[in-house]
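Quick notes on the structure that follows.
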Amino acid sequence: MYTTIHVPKIAVQRLRSFCIRRSVRRCNSNGRGREVFASTDHQLSFSRSRIGEFFQTAPRLENQYTSDHPLQSYMKRVVPTEVLEAVFMDLNQFGDQVAGEINDLGRQVELEPPQLEQYDAWGKRVDRLKTSPAWKKLRDIAAKEGLVEIAFSRLYGPWSRVYQVIKLYLFAPSSGLYSCPLAMTDGAAKVIESSGNMMVFHRAYGHLTSRDPTEFWTSGQWMTERKGGSDVGLGTETVAVHQPDGRYRLYGYKWFSSASDADMSLTLARITDADGRVAEGSQGLSLFYLETRGKHGDLNSIQIQRLKNKLGTRQLPTAELLLDGTLAHKLSDDGRGVATISDMLNITRLHNSLNAVGGMRRMINLAQNYCIHREVFGKKLVHHPLHIQTLARLEIECRGALYLVLELSRLLGLEETNEANEEDQLLLRLLMPVTKLYTAKQAMLVASEGLESFGGQGYIEDTGLPGMLRDAQVLPIWEGTTNVLSLDVLRVLHKTQGKAVRVYVADIKRRLSLAEGNADLQSACRAVSIAANVLMEFTVNSANSELAVLEMAARDYSFSLARIYIGALLIEHAAWVESLSTDVYTAQRWCKKQLNVVTERFASGFYNSESQILERDILFN
Ligand code: MFK
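For any residue, its number in my numbering is found by taking its place in the sequence shown, counting from 1, and adding 3.
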């Protein structure tokens with residue numbers, strides 16, 4: 004490796020005055036030689052000349068709202084002007100706050116991870132969870148900023164949900180994962196609001212949606228037990244014993260309880276009959292509401308067994324919890340636990356997606372800022388076409404993901420204000436798992452490629468960059484893995500007898516029609532239109548296929564749904580009268596991708612019973 008080493012005269016004299024043992028000749032990057040002196044004499048003072056005078060410029064964050072042009076232009080096109088004007092000041096100040104104060108707090112939380120003190124000095128079980136002061140400040144900020152409340156105030160009708168999602172998207176990458184308890188809090192508020200259980204509603208809903216930090220509560224979502232988190236019907240062993248006062252006592256072991264400092268939680272359990280027996284499977288599960296502490300701050304018969312030792316998201320106090328007679332209220336009808344908690348799952352899946360796109364945006368912002376200052380091979384990185392091409396590809400991923408998430412939140416807003424028609428509801432149900440699974444994968448791609456764009460610095464812990472990659476890795480895992488969500492897409496197809504996909508294709512055609520007559524977008528429109536038609540045909544033709552074959556195609560099918568839909572969204576945006584040439588380029592580039600992964604692979608024989616056997620053989624023979 005060749006390096007240029009500048010040796011000031013004074014240092015040379017000092018070096019020579021010590022006993023210099025050997026000299027080496029090195030070349031700098033121009034190939035010119037320079038004689039430098041290396042010494043094994045450890046008496047040498049640690050001088051400025053030996054450290055060198057060059058330091059890299061750390062990437063800086065600007066206002067995260069005003070610097071986000073794709074977001075601003077989406078809002079201008081889609082959000083009504085009166086709503087836009089009403090929320091502008093708030094988003095503008097928040098964009099500054101997340102780049103400054105909140106980002107510092109998020110970093111502090113990462114450096115001060117939670118700790119668990121299980122016993123006091125005298126052996127008494129205390130289960131004290133110690134979190135960073137910054138974690139508590141983030142909680143107060145989240146409440147004051149209405150990061151949950153905005154969605155439920157419905158002040159701007161369906162746009163309240165979009166406004167909240169945008170604010171969370173700005174918050175998430177700076178939040179030190181405080182975005183996680185907010186996701187569950189949002190989901191819990193939604194379930195409680197729709198449950199019709201007025202007693203629980205009066206106890207909790209006001210707290211979950213409060214802007215007052217002294218009143219604000221967060222919620223947990225304790226679904227995963229030792230047997231696993233995907234197959235909840237098999238995995239849930241917790242039992243609920245009916246009490247004379249109408250409440251229940253829960254006994255069980257919750258294996259992954261994110262944000263275990265929550266004030267309340269929703270959890271699944273099996274109600275025992277008079278003989279102590281329970282119904283198996285997911286039909287045996289009911290949903291329960293519990294408060295984690297009593298009036299005096301004592302835990303509600305809950306023991307915190309240990310904190311999880313995780314790859315990332317170390318800011319979060321994720322714990323294993325033993326419920327040992329925890330008092331709880333039943334929130335669903337008997338045996339309707341999974342269907343009832345699905346509302347919460349869908350909200351946390353939306354949060355997962357906005358965290359994914361927020362993380363992508365942050366990585367790209369930092370990489371952009373870095374490349375303006377960093378000089379290599381005689382010029383700034385920003386002037387290296389290959390470097391810019393790499394970042395531009397990430398930017399296209401990020402824009403596509405952003406528009407998908409915003410569109411999903413628009414549909415959710417319509418549903419929550421009873422303005423969604425049947426088509427909107429079907430589209431919302433279909434796009435929820437699709438958006439979650441696809442954006443999570445994109446986030447990993449952008450995080451990994453983004454780190455690489457910083458060279459070695461991307462691998463250095465105290466830049467804060469490696470944590471972004473670690474934290475991104477949870478996105479495809481929690482709230483349903485890519486495969487589990489792909490199977491959820493099949494569930495939607497099955498339950499709606501394909502109607503959800505027909506609505507999806509019709510929606511795409513409507514968006515493409517907005518680009519009619521736009522010569523720059525014609526080939527992109529054609530690509531999306533053909534892909535959508537072929538996908539529809541594939542859906543119809545596969546309706547009676549064997550389940551195993553359908554399952555083998557499910558992931559590629561879901562990816563196709565995502566890519567084709569994003570293509571339509573980008574084209575629609577590019578066709579807008581105020582769009583920029585970069586919007587057109589983004590749409591064109593996206594639509595040159597392999598949009599229809601599933602039908603192309605189907606044609607190559609990827610999903611038949613022969614390939615099923617061969618794939619098993621590749622692994623095990
Ligand atoms: C920073 C980012 C924010 C994230 C923070 C969150 C941290 C939280 C950490 C965790 O707690 S992670 C745990 C998350 N666990 C999961 O995501 C579970 C993954 N597994 C699934 O999603 C499975 O598909 C499922 C458990 C739902 C399968 O269960 P079943 O019992 O086999 O489902 P089944 O019988 O098909 O469906 C039962 C009912 O629920 C059906 O309704 P009906 O009975 O009326 O027909 C389904 O239609 C309905 N359902 C299932 N999923 C649904 C749904 N309805 C609407 N939306 C859905 N997504």
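In this text, a Cβ means the ideal position worked out from N, Cα and C, and glycines have one as well.
Does the Cβ of W481 lie closer than 7 Å to at least one heavy atom of the ligand MFK? It does: the Cβ of W481 is within 7 Å (strictly closer) of some heavy atom of the ligand MFK.
For my contact list, C594 and V504 are in at a C-beta cut-off of 8 Å; report their separation, rounded to the angstrom. 20 Å between Cβ atoms; not a contact.
Collapsed DSSP secondary structure at R35 in the structure displayed: Reliability fails at R35, whose pLDDT of 38 lies under 50, so the model's placement of it is uncertain and no value is given.
Does A41 come out as helix, strand or coil in the three-state DSSP assignment? Residue confidence is low: A41 scores 44 on pLDDT, short of 50, so the model does not pin down where it sits. No coordinate-derived value is stated.
Given a cut-off of 8 Å, decide if S356 and K257 are closer than it, judged by their beta-carbon atoms. no
With a threshold of 8 Å between beta carbons, is V531 in contact with chain D? This model lacks chain D altogether, as it is built from one protein chain only.
When DSSP labels each residue in this structure, what does C30 get in the three-state scheme? Since pLDDT at C30 reaches only 35, below the 50 mark, its modelled position is unreliable, and the value read off the structure follows with that caveat. In the structure shown, C30 sits in a strand (DSSP, three-state: E or B).
Could you give the C-beta distance for R339 and G483, rounded to a whole number, given that I count them as a contact under 8 Å? Incorrect: roughly 19 Å between the Cβ atoms, too far for contact.
Here's the rule: buried if 16 or more other CB atoms are within 10 angstroms of the residue's CB, otherwise exposed. What is P176? buried
Three-state secondary structure assigned by DSSP to R604: helix
DSSP bridge partner residues for H245 (one or two, in chain order): Y251
Can you tell which of Y406, Q371, E323, E228 has its C-alpha closest to the C-alpha of H390? Out of Y406, Q371, E323, E228, Q371 has the C-alpha closest to the C-alpha of H390.
Using DSSP bridges, identify the partner residues of D327. Residue pairing by DSSP puts D327 in a beta bridge opposite Y254.
For A606, I'd like the list of residues in its chain whose CB is within less than 6 Å of its CB, leaving aside the five on either flank, ordered along the chain. none
Proximity below 8 Å, CB of Y610 to CB of V552: yes
Got a sec? Which residues, its chain only, sit under 6 Å from Q118 by beta carbon, not counting five neighbours each side? K133
Along the chain, where does the beta strand (DSSP E) that runs through Q460 open and close? Careful: Q460 lies outside any beta strand (DSSP E) and carries neither H nor E.
K502 - containing alpha helix (DSSP H), residue span: 502–516
Does the beta-carbon of R558, which I'm using as the reference point, lie nearer than 7 Å to any heavy atom of the ligand COA? Summarising the ligand content, the structure contains the ligand MFK and does not contain the ligand COA.
Rounded straight-line distance, which links the Cα of C401 to that of V10: Confidence in V10 is poor, its pLDDT being 36 and thus under 50, which makes the residue's placement unreliable; the coordinate value appears in the next sentence. Roughly 45 Å between the two C-alpha positions.
Which residue from T485, H245, G284 puts its Cα closest to that of D278? H245
I'd like to know if the region 397–411 and the region 85–94 are in contact, where contact means that at least 3 CB-CB pairs between them fall below 8 Å. no
Could you give the first and the last residue of the continuous beta strand (DSSP E) run that contains T270? 267–274
Indicate whether V495 and L433 have their beta-carbon atoms separated by less than 8 Å. yes
Which residues does DSSP list as the beta-bridge partners of S289? Beta-bridge partners of S289 (DSSP): A272.
By the 10 Å Cβ neighbour count, where 16 or more other Cβ atoms means buried, how is E549 classified, buried or exposed? exposed
Taking the beta carbon of R413 as the centre, do at least 16 other beta carbons fall within 10 Å, making it buried, or is it exposed? buried
Buried versus exposed call for D264 [16 or more other C-beta atoms within 10 Å across all chains shown]: Classification for D264: buried.
Mind reading off the beta-carbon distance from C528 to L538? Whole number of angstroms is fine, and I expect it under 8 Å. The Cβ separation is near 16 Å, so there is no contact.
Does the beta carbon of V360 fall short of 7 Å from some heavy atom of the ligand MFK? It does not: the Cβ of V360 is nowhere closer than 7 Å to a heavy atom of the ligand MFK.
Any idea if L150 is buried or exposed, counting beta-carbon neighbours within 10 angstroms, 16 or more meaning buried? buried
Three-state class that DSSP yields for T69 in the structure shown: coil
Whole angstroms are fine: how far does the CA of L302 sit from the CA of K127? 14 Å
Would you call the region 174–188 in contact with the region 214–233, where contact means no fewer than 3 C-beta pairs closer than 8 Å? yes
Cβ shell of S163 (< 7 Å), same chain only, five flanking positions each side left out: For S163, same chain residues with a beta-carbon under 7 Å away, outside a window of 5 residues either side, are I153, A154, S156, R157, G416 in chain order.
Should F623 be labelled buried (16 or more other beta-carbon atoms within 10 Å of its own) or exposed? exposed
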